[in-house]
Amino acid sequence: MDYLKIHSTQQLSGEISISGAKNASLPLIAMTILAKKPLTIGNLPDVVDIKTLLKLLTKLGAECEFSHKSVRVDTSSINETKATYDIVKTMRASILVLGPILARFGHCEVSLPGGCAIGQRPIDLHLKALEQMGAHIDIQAGYIQATTPNGLHGCEIIFDKITVTGTANIVMAAALAKGVTTITNAAREPEVVQLCEILAKSGVNIKGIGTAILEIEGTDGALLDIADFDVIPDRIEAGTYLCAGAITKNELTLTHVEPKHLGAVLSKLEEMGSSFTITDDTITIHPAQEIKPVKIVTQEYPAFPTDMQAQFLALATQAEGVSIIEEKLFENRFMHVSELQRMGADITLNGHTATVSGKTELSGTDVMATDLRASSALVLAALVANGETNIHRIYHLDRGYEALEEKLQNIGAKIERLKE
Ligand code: EPZ
Numbered sequence: 001m002d003y004l005k006i007h008s009t010q011q012l013s014g015e016i017s018i019s020g021a022k023n024a025s026l027p028l029i030a031m032t033i034l035a036k037k038p039l040t041i042g043n044l045p046d047v048v049d050i051k052t053l054l055k056l057l058t059k060l061g062a063e064c065e066f067s068h069k070s071v072r073v074d075t076s077s078i079n080e081t082k083a084t085y086d087i088v089k090t091m092r093a094s095i096l097v098l099g100p101i102l103a104r105f106g107h108c109e110v111s112l113p114g115g116c117a118i119g120q121r122p123i124d125l126h127l128k129a130l131e132q133m134g135a136h137i138d139i140q141a142g143y144i145q146a147t148t149p150n151g152l153h154g155c156e157i158i159f160d161k162i163t164v165t166g167t168a169n170i171v172m173a174a175a176l177a178k179g180v181t182t183i184t185n186a187a188r189e190p191e192v193v194q195l196c197e198i199l200a201k202s203g204v205n206i207k208g209i210g211t212a213i214l215e216i217e218g219t220d221g222a223l224l225d226i227a228d229f230d231v232i233p234d235r236i237e238a239g240t241y242l243c244a245g246a247i248t249k250n251e252l253t254l255t256h257v258e259p260k261h262l263g264a265v266l267s268k269l270e271e272m273g274s275s276f277t278i279t280d281d282t283i284t285i286h287p288a289q290e291i292k293p294v295k296i297v298t299q300e301y302p303a304f305p306t307d308m309q310a311q312f313l314a315l316a317t318q319a320e321g322v323s324i325i326e327e328k329l330f331e332n333r334f335m336h337v338s339e340l341q342r343m344g345a346d347i348t349l350n351g352h353t354a355t356v357s358g359k360t361e362l363s364g365t366d367v368m369a370t371d372l373r374a375s376s377a378l379v380l381a382a383l384v385a386n387g388e389t390n391i392h393r394i395y396h397l398d399r400g401y402e403a404l405e406e407k408l409q410n411i412g413a414k415i416e417r418l419k420e
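The sequence shown begins at 1 in our numbering and counts up by one.
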């Protein structure tokens with residue numbers, strides 16, 4: 001297994017090019033199951049989760065030709081509708097194939113994704129909505145067995161909770177259903193918006209894109225004419241590198257980024273003392289030389305994203321004062337705290353709220369990554385910790401950050417990937 005060795009890095013400078021969004025790419029790849037003909041998806045991040053989903057599609061019989069940052073997918077050859085445990089267990093977002101496969105083929109078996117490090121992460125809302133659309137769903141021996149004897153039909157769906165992949169799954173199922181599906185309490189994340197926009201360009205009549213109420217008129221089984229497209233930039237990768245500039249107090253410029261997707265993140269960094277120069281597709285951070293403490297509550301988009309909580313918690317260890325960070329979406333998304341405490345951070349956990357007292361000197365040591373965003377928080381802490389930090393189990397990081405060490409080396413970080 002690989003690990004990262006990071007030396008304290010005071011001086012960073014230059015530009016970081018932001019990759020395509022992992023969390024947009026995954027539903028968009030699943031969406032190809034609804035396509036009438038092959039299509040190419042560009043600006044794909046070269047990360048493990050994308051490769052996992054492409055492997056799943058290939059196992060189902062699709063043709064996937066992955067070349068540098070793009071993939072050509074032909075799903076006309078799909079001859080299998082069972083997503084097996086061996087793949088689904090490595091990536092719970094595999095559940096995104098359920099809606100499209102069911103809509104296209106009328107039957108689908110998907111291994112239950114199970115929980116993950118950050119929480120139990122049920123999919124009850126996905127299943128309940130599909131049942132409302134006419135699916136018969138059984139759970140047997142760890143598999144979801146879904147059939148639609150009379151096809152999927154539109155209906156009124158109200159999500160008890162805002163669910164990102166739940167919204168994506170039902171939007172894709174509704175795209176081929178008979179009649180109109182209304183989703184109330186829909187997720188408004190940019191990744192869901194792009195999925196809706198591509199479907200709308202492919203002949204699916206969708207109203208309310210970007211709002212909490214979506215109205216989708218399905219094609220009654222007709223496959224979609226989907227043109228080639230590029231994936232939107234990864235707002236969480238971008239936010240992570242902005243935090244790298246903030247925590248090391250270095251000016252950095254991000255390119256190929258969509259500033260409109262980072263409103264809450266930029267606003268919190270401004271509260272902590274940074275300022276920004278922003279163009280259509282670049283952001284330059286002018287970091288605070290004295291970082292102010294902050295209060296953060298994670299919520300659904302457009303509020304502050306849970307996927308940036310760990311990174312801001314690392315940043316808060318360098319703020320002059322007490323920061324309060326509340327995690328409201330997941331029940332166990334503070335596993336980075338114990339590792340940061342081992343580096344010397346002064347953090348108190350009380351239920352879903354972390355109280356961070358800064359500024360604390362961090363000391364480099366051996367630490368362990370536990371989930372994707374926790375890993376990036378440890379990288380940020382290591383950049384300012386005294387001495388060397390070794391971050392183990394970085395397969396978590398490789399799931400969602402493309403070429404992280406190269407991007408950091410290019411701006412002067414002393415970071416190397418070694419073998420255990
Ligand atoms: C997506 O996960 C993202 N993953 C996550 O990013 C992100 O943290 C999360 O949305 C929240 O923004 C992808 O897009 C691939 P949810 P998802 O369904 O869709 C509860 C990363 O780091 N819920 O919006 O699985 C659930 O337990 C990853 O890139 C139900 O109760 O999250 C949670 O409390 C981590 N029943 C809340 O809703 C359901 O059927 C939000 O979950 C579905 C969800």
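Beta carbons are placed, not taken as given, at the ideal position from N, Cα and C, and that holds for glycine. Small disclaimer: the values here were computed from a predicted structure and weren't measured.
Subject >> Beta-carbon contacts of residue 152 that lie in its chain and below 6 Å, excluding the five residues immediately before and after >> reply: 103, 133, 134, 173, 177
Original post:
Does at least one heavy atom of the ligand EPZ sit under 8 Å from the Cβ of residue 120?
Top reply: It does: the Cβ of residue 120 is within 8 Å (strictly closer) of some heavy atom of the ligand EPZ.
Original post:
Straight-line CA distance for residue 203 to residue 196?
Top reply: 11 Å
Subject >> Nearest neighbour of residue 403, chosen from 37, 21, 32, 47 [CA to CA] >> reply: 47
Original post:
If we ignore side chains and look at the alpha-carbon of each, how far apart do residue 91 and residue 75 end up?
Top reply: Their Cα atoms are separated by approximately 21 Å.
Original post:
Of all the alpha helix (DSSP H) runs that stay within the bounds of the region 90-153, which reach a length of 4 or more residues?
Top reply: 98-105, 124-132
Original post:
How about residue 124: is its Cβ closer than 8 Å to a heavy atom in the ligand EPZ?
Top reply: Result yes, Cβ under 8 Å from the ligand EPZ.
Subject >> Straight-line gap, residue 131 to residue 307 (C-alpha atoms, nearest Å) >> reply: 30 Å
Original post:
So, is residue 190 buried or exposed, given that buried needs 16 or more other C-beta atoms within 10 angstroms?
Top reply: Residue 190 comes out buried.
Subject >> Beta carbon of residue 289 nearer than 9 Å to that of residue 249 >> reply: yes
Original post:
If you pair each beta-carbon of the region 282-300 with each one of the region 323-334, do three or more pairs fall below 8 Å?
Top reply: yes
**OP:** Please state whether DSSP places residue 68 in a helix, a strand or coil.
**Re:** coil
**OP:** Measure the CB-CB distance between residue 377 and residue 310 and report whether it falls below 9 Å.
**Re:** yes
**OP:** Would you check if the region 393-413 and the region 340-352 touch, i.e. whether three or more CB-CB distances between them fall below 8 Å?
**Re:** no
**OP:** Within 10 angstroms of the Cβ of residue 222, are there 16 or more other Cβ atoms? Answer buried if so, exposed if not.
**Re:** exposed
Original post:
Got a sec: does the ligand EPZ put a non-hydrogen atom nearer than 8 Å to the Cβ of residue 185?
Top reply: It does not: the Cβ of residue 185 is nowhere closer than 8 Å to a heavy atom of the ligand EPZ.
**OP:** List the endpoints of the continuous alpha helix (DSSP H) containing residue 39.
**Re:** Where residue 39 is concerned, there is no enclosing alpha helix (DSSP H), although the beta strand (DSSP E) it sits in stretches over 39-42.
**OP:** Determine the extent of the alpha helix (DSSP H) in which residue 244 is found, giving its start and end residues.
**Re:** Counting along the chain, the alpha helix (DSSP H) containing residue 244 begins and ends at 235-248.
Subject >> Residues that residue 282 bridges to, as DSSP identifies them >> reply: 255
Subject >> Collapsed DSSP secondary structure at residue 395 in the structure displayed >> reply: Residue 395 falls in the helix class under three-state DSSP.
**OP:** Examine the Cβ distances between the region 345-353 and the region 384-395 and report whether three or more of them are shorter than 8 Å.
**Re:** no
Original post:
Is it the case that the Cβ atoms of residue 170 and residue 35 are separated by a distance below 9 Å?
Top reply: no
Original post:
Is residue 296 near the ligand EPZ, judged by its Cβ being under 8 Å from some heavy atom?
Top reply: no
Subject >> Cβ-Cβ distance between residue 370 and residue 329 below 9 Å >> reply: no
Original post:
Which full runs of the beta strand (DSSP E) of 3+ residues lie inside the region 291-340, going along the chain?
Top reply: Runs of the beta strand (DSSP E) lying entirely within the region 291-340 and spanning at least 3 residues, in chain order: 295-297, 321-326.
Original post:
Is it true that the CB of residue 214 sits closer than 9 Å to the CB of residue 144?
Top reply: no
**OP:** Would you mind reading off the limits of the beta strand (DSSP E) that contains residue 2?
**Re:** For residue 2, the enclosing beta strand (DSSP E) begins and ends at 2-7.
Original post:
Is it the case that the Cβ atoms of residue 209 and residue 183 are separated by a distance below 9 Å?
Top reply: no
Original post:
Tell me which same chain residues have a C-beta within less than 7 Å of the C-beta of residue 282, skipping the five on either side of it?
Top reply: 253, 254, 255, 257
Original post:
Is residue 240 closer than 9 Å to residue 380 when the C-beta atoms are compared?
Top reply: yes
Original post:
Under a Cβ-count criterion, where at least 16 other Cβ atoms within 10 Å of its own Cβ denotes burial, should residue 68 be classed as buried or exposed?
Top reply: exposed
**OP:** Flag residue 398 as yes when its Cβ comes closer than 8 Å to any non-hydrogen atom of the ligand EPZ, and as no otherwise.
**Re:** no
Original post:
Going by beta carbon distance, what residues of the same chain come within less than 7 Å of residue 419, once the five residues before and after it are set aside?
Top reply: Closer than 7 Å at Cβ, skipping near neighbours: 2.
Subject >> Segment limits, beta strand (DSSP E) that includes residue 49 >> reply: Segment 48-59 is the alpha helix (DSSP H) holding residue 49; no beta strand (DSSP E) there.
Subject >> residue 375 to residue 334 span [Cα, whole Å] >> reply: Rounded to the nearest angstrom, the two C-alpha atoms are 11 Å apart.
Subject >> Host beta strand (DSSP E) of residue 215 (start-end) >> reply: 213-217
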